[in-house]
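All residue numbers in the sequence shown are consecutive under UniProt numbering, ending with 716. Since the structure comes first, as structure tokens, the remarks are kept for the end.
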Amino acid sequence: MSKIDKGTIYEEYICNYINNSKNNNITAYLWKDVPDFILFNAKLIDNIDDCRINRETCKNYIHDIGIDIIQINNDTNKISFIQCKNYEGSLCIKDLAGYFAIMAQSEHYDKEGIIYTSNNKYSYNLMKVCKGRTHTFIHLPIENNIIIPKNLFVPYTYQLECVEKFNEYYSKSENNSAILQMPCGCGKTFTSFLISENYNIIIIISPLKQHTEQNILNFKKYNKCLRPQEKEEIKSIIVDSEGTRNLNYIIDKIKKYNNIIIGSTYKSCDIIVEIIKKYKNAFIIIDEFHNLSCNNIINDEDNINKIIKSENKKLFMSATPRIYELEDNTQCDSNFNIENILGKIVYKMDFNYAITNNYISNYEIFLPVHDEDNYNQLLDQIKISEYDDLLIKKVLYYFESIKILGKLKTIIYFNSHEHINIFIKCFNEVNNYYNYKYNIDSIICSDTKNNRIKKLEEFNNSENISILCSVGILDECIDIPSCDSVYITYNCVSKIRIIQRISRSLRKHNNKIAKILIWCENINTLNPIISAIKEIDDDIIKKIKYINYNNKILSLDEKNNIQKYNKYKNHDYINNIVKYTNDKINNLNENSDNNNFCELLKIHTDIDDKFIDLFLINFKNNNKFDIKDIDVAKYLDIELKTLRKRLNNTFSKSINYIENVDYIKLKTGKTTAVVYMLNYQCFERLTISGDTQKSEIIREYFTKISNFMYEYNKLI
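Rendered as structure tokens:
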């Protein structure tokens, strides 16, 4: 093996070691995978556009300059430069010449230097040079002798606890139906296998044939791992149009084998009904039961309804346990108590609990900043105009996300196959400008089983940016741990679909923090999405960040990261939220008791009571100039001269504020002082556009008020 190959293997080993460590707040990038923005933010390049130009002209566009890995502390944003040395002999100063040259530059005095070595041999002069400096040496050899067993399934403590609860519940003859609610990625399928071990005939009912096939394969894999003494694998039958619908054949197989797994789609439940008439001891698992329709529940002649009402033991599983939502049917009330129909929720794991305990990955949500100036500037450089303007914006938003977030493995969701085709075509043409290496494909319902498997394998194994486009087939029941991001490209209002799609990227893998990209043009389309996620995660507002169409140099003196760059000044999300909120408040002032509204806010939100009292009661939304600048300065925690400078530079006198002469009596007699009087609109803009901590808090409060109004519309 060459020295270069040994070095590459060691670098990948160290990067994986860091990303799989217990410290979930650390992210490491191999030098070839460092996002453009991090290179810029680390002061390793002068212009983000340099990377794009270099990709166009060079095969190895990022030259090795003595840094093998860049490490980011996600809490503090502190950057560390890492050098990896897989040497047999002693490490000398000359071996680290490139690394020392970088660390010696004044712009990198704030960086921590870390040197990983495969042995523990260092020259005397090296140790002397590094004494007292910010260099950390870590001895970490490659552990080649450790054999990691494949396909080893060991239940978590919570899974064993769950199985125990279900076994106890089913032990009572009157308990036939039960619900398992667990976030995607926490092992619902494996848990259901453990629960079903007491039964010889297991029937798994899934929404689609692809899901059925995967569930059968997983059950057989679990059985082989946990029962290695059995020479033959457990027998299985798939009941659908591509499997078999021959009832006599299925009955013969059940009689022949002591243990059998039967997989069925929802559409083939007529066969399952006939099976359970004969076999009352069969255990039935209804997977992703949120897909059940109103007809399944209320129609006694419906085959799934017959299964629900059967005397067989049944397990209903979902991460989003609500039904009817996926259809528009006025006969059914989606607000009913689900336990009255499908049985008791015997075990439930909350979404936040799963994240906190590291069972699934944490996530961040990214929204586009609609800055027309930057967009038009970028469009002029790309020179593409034959596509719809909205489509181009959606494509550019993803490319700008790559620039900031780095190499992604993304599932992109669309509302039609036609949109997939035109998106891929536009994407390929736009990349002539960005010059990224990527693989993009689609998975649709007409794909064959082998074709789907091939596409998923390419997605998992590719070292490039990987993209799979889908309408609905990748919503659920798909296990792709390497998927680290999803992109929802249209106004999806289904809470079930939103949560299911987000969950595709939350399966644990290398301590990743999942990236959720949501296309949103205004507050009206944003609210349903935020409302859906807030049902499972109250901390969602803290996880929202913004990405701009920005292809120009970002000044580090102006902003330290892209999430803050023009976050509020150049986009209308907050402005729309404020307008929406104020319109509602005005309506309340005219038609109801404003004090009552404030009390509702205090009860149903975590907004600070002082903010509610001061902002919504004392500052009235009108056109009168009745707010003193000195009061605003105190409220925003800024100096009065700073506030007045902003007023003079940004706002129009007589429209936004006026000057009043205020007579104050001093010991020497009367004198005058100028007081700026603001109207509400001026005050409002000042509060949401500032860079102070108070402005940040106010922006968050406005968003929470807007969400409250959307969710509790009936109350107000």
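For each residue, glycine too, the CB sits at the ideal point set by N, CA and C.
Who does residue 676 pair with in a DSSP beta bridge?
Here residue 676 refers to the residue found at position 676 of the sequence shown. Partner(s): 659.
Could you round the C-beta distance between residue 500 and residue 184 to whole angstroms and report it? I think they count as a contact, below 8 Å.
Within the sequence shown, the letter at position 500 stands for residue 500. Within the sequence shown, the letter at position 184 stands for residue 184. Correct: roughly 7 Å between the Cβ atoms.
Decide if the segment 496-516 is in contact with the segment 467-482; the criterion is three or more beta carbon pairs, one per stretch, under 8 Å apart.
Judged by Cβ distances under 8 Å, the segment 496-516 makes contact with the segment 467-482, as three or more pairs qualify.
In the DSSP assignment, what residue or residues form a beta bridge with residue 413?
Within the sequence shown, numbered from 1, the residue matching residue 413 stands at position 413. For residue 413, which the question treats as bridged, DSSP gives the partners 470, 488.
Taking 8 Å as the threshold (C-beta atoms), are residue 14 and residue 92 in contact?
For the purposes of this step, residue 92 is taken as residue 92 along the sequence shown, with counting starting at 1. For the purposes of this step, residue 14 is taken as residue 14 along the sequence shown, with counting starting at 1. Not a contact, by the Cβ cut-off of 8 Å.
Where does residue 105 fall in DSSP's three states?
Walking along the sequence shown from the start, residue 105 turns up at place 105. If DSSP states are grouped into helix, strand and coil, residue 105 belongs with coil.
What would DSSP say about residue 573, mapped onto helix, strand or coil?
For the purposes of this step, residue 573 is taken as the residue at position 573 of the sequence shown. The predicted position of residue 573 is uncertain, since its pLDDT is 47 and thus under 50; no value can be drawn from it.
Determine the DSSP secondary structure at residue 127, reduced to helix, strand or coil.
Taking the sequence shown and counting its residues from 1, the one referred to as residue 127 is at position 127. Residue 127: helix per DSSP, three-state reduction.
Would you call the segment 512-519 in contact with the segment 363-374, where contact means no fewer than 3 C-beta pairs closer than 8 Å?
Output reads yes: the segment 363-374 touches the segment 512-519.
Count the other CB atoms, across all protein chains shown, that sit within 10 Å of the CB of residue 143; report buried if there are 16 or more and exposed otherwise.
Counting from 1 along the sequence shown, the entry for residue 143 is found at position 143. Exposed is the call here.
Considering only residues of the segment 324-402, which uninterrupted beta strand (DSSP E) runs meet the minimum length of 3 residues and lie entirely inside it, listed in chain order?
344-348, 363-369, all fully within the segment 324-402.
Verify whether the separation of the beta carbon atoms of residue 438 and residue 465 is less than 8 Å.
Position 438 of the sequence shown, counted from the start, is the residue given in the question as residue 438. Position 465 of the sequence shown, counted from the start, is the residue given in the question as residue 465. A contact, by the Cβ cut-off of 8 Å.
CA-CA distance, residue 100 and residue 68?
Your numbering for residue 100 matches position 100 in the sequence shown. Your numbering for residue 68 matches position 68 in the sequence shown. If I take the Cα positions, the gap works out to 13 Å.
State buried or exposed for residue 533, treating a residue as buried only when at least 16 other CB atoms are found within 10 Å of its CB.
As a first step, residue 533 is located in the sequence shown; it is residue number 533 there, counting from the start. The residue is buried, with at least 16 neighbouring Cβ atoms inside 10 Å.
Indicate the three-state DSSP secondary structure (helix, strand or coil) for residue 482 in the structure shown.
Sequence index remark: in the sequence shown, residue 482 carries index 482 (1-based). DSSP places residue 482 in coil when its eight states are reduced to three.
Which two residues bound the contiguous beta strand (DSSP E) that contains residue 71?
As a working mapping, residue 71 is identified with position 71 in the sequence shown. Residue 71 -> beta strand (DSSP E) spans 69-73.
Quick one: Cα of residue 360 to Cα of residue 284, how far?
Counted from its first residue, the sequence shown places residue 360 at position 360. Counted from its first residue, the sequence shown places residue 284 at position 284. One C-alpha to the other measures close to 27 Å.
With contact counted as at least three CB pairs below 8 Å, one residue from each stretch, are the segment 485-492 and the segment 442-461 in contact?
Cβ pair count under 8 Å is below three, so no.
Under the rule that 16 or more other beta-carbon atoms within 10 Å means buried, what is residue 268, buried or exposed?
Reading the sequence shown from its first residue, position 268 is the one you call residue 268. It counts as buried.
Which residue or residues does DSSP assign as beta-bridge partners of residue 545?
Here residue 545 refers to the residue found at position 545 of the sequence shown. Residue 545 is bridged to 366.
Kindly indicate which residue of 55, 66, 232, 18 has the alpha-carbon position closest to the one of residue 73.
Translated into the one-based positions of the sequence shown, residue 73 becomes position 73. Comparing Cα positions, the closest option is 18.
Does DSSP put residue 500 in a helix, a strand or coil?
Taking the first residue of the sequence shown as 1, we reach residue 500 at position 500. The answer is helix: DSSP assigns residue 500 an H, G or I state.
Please list, in chain order, all residues of the same chain as residue 148 whose beta carbon is under 8 Å from its beta carbon, the five residues on each side excluded.
Translated into the one-based positions of the sequence shown, residue 148 becomes position 148. Residue placement at residue 148 cannot be trusted, given a pLDDT of 43 that sits under 50; the coordinates are not used to answer.
Helix, strand or coil for residue 213? Go by DSSP, reduced to three states.
Start at 1 with the first residue of the sequence shown, and residue 213 comes out as number 213. Note: residue 213 maps to helix in three-state DSSP.
What does DSSP give as the partner residues of residue 439 in its beta bridges?
Counting from 1 along the sequence shown, the entry for residue 439 is found at position 439. Beta-bridge pairing links residue 439 to 466.
DSSP on residue 203, reduced to helix/strand/coil?
To locate residue 203, count along the sequence shown from 1; it is residue 203. Looking at residue 203 - three-state DSSP - the assignment turns out to be strand.
Please check the pair residue 236 and residue 256, which I expect to be a contact at CB under 8 Å, by giving their CB distance rounded to whole angstroms.
Start at 1 with the first residue of the sequence shown, and residue 236 comes out as number 236. Start at 1 with the first residue of the sequence shown, and residue 256 comes out as number 256. With 8 Å as the limit, residue 236 and residue 256 do not qualify as a contact, their Cβ atoms being about 13 Å apart.
Is it true that the CB of residue 430 sits closer than 8 Å to the CB of residue 480?
In the sequence shown, residue 480 corresponds to position 480, counting from 1. In the sequence shown, residue 430 corresponds to position 430, counting from 1. Against a cut-off of 8 Å, the Cβ pair of residue 430 and residue 480 comes out as no contact.
I need the straight-line Cα distance from residue 635 to residue 108, nearest angstrom please.
Within the sequence shown, the letter at position 635 stands for residue 635. Within the sequence shown, the letter at position 108 stands for residue 108. Those two C-alpha atoms are separated by around 38 Å.
Pull up the CB-CB distance for residue 426 and residue 398, whole angstroms please, since I reckon it's below 8 Å.
On the sequence shown, position 426 is the one that residue 426 refers to. On the sequence shown, position 398 is the one that residue 398 refers to. Residue 426 to residue 398, Cβ: 11 Å. No contact.
Is the Cβ-Cβ distance between residue 212 and residue 136 less than 8 Å?
For the purposes of this step, residue 212 is taken as residue 212 along the sequence shown, with counting starting at 1. For the purposes of this step, residue 136 is taken as residue 136 along the sequence shown, with counting starting at 1. Result no, Cβ atoms of residue 212 and residue 136 do not sit closer than 8 Å.
If you drop the 5 nearest sequence neighbours on each side, which residues of the same chain put their C-beta closer than 8 Å to that of residue 423?
Looking up residue 423 in the sequence shown gives position 423. 391, 394, 395, 412, 414, 469, 489, listed in sequence order.
Of the choices 197, 652, 699, whose alpha-carbon is the least far from that of residue 676?
Residue numbering aside, residue 676 sits at position 676 when the sequence shown is read from its first letter. Among 197, 652, 699, the Cα nearest to that of residue 676 is on 652.
Expressed to the nearest angstrom, what Euclidean distance is found between the alpha-carbon atoms of residue 571 and residue 115?
By 1-based counting over the sequence shown, the position of residue 571 is 571. By 1-based counting over the sequence shown, the position of residue 115 is 115. Legend: pLDDT at residue 571 = 41, less than 50; position of this residue unreliable, no value from coordinates given.
Of all the options 232, 275, 263, which has the alpha carbon lying nearest to the alpha carbon of residue 252?
Residue numbering aside, residue 252 sits at position 252 when the sequence shown is read from its first letter. Per the Cα distances, 275.
With distances taken Cα to Cα, identify the nearest neighbour of residue 342 among 302, 376, 297.
Taking the first residue of the sequence shown as position 1, residue 342 is located at position 342. Among 302, 376, 297, the Cα nearest to that of residue 342 is on 297.
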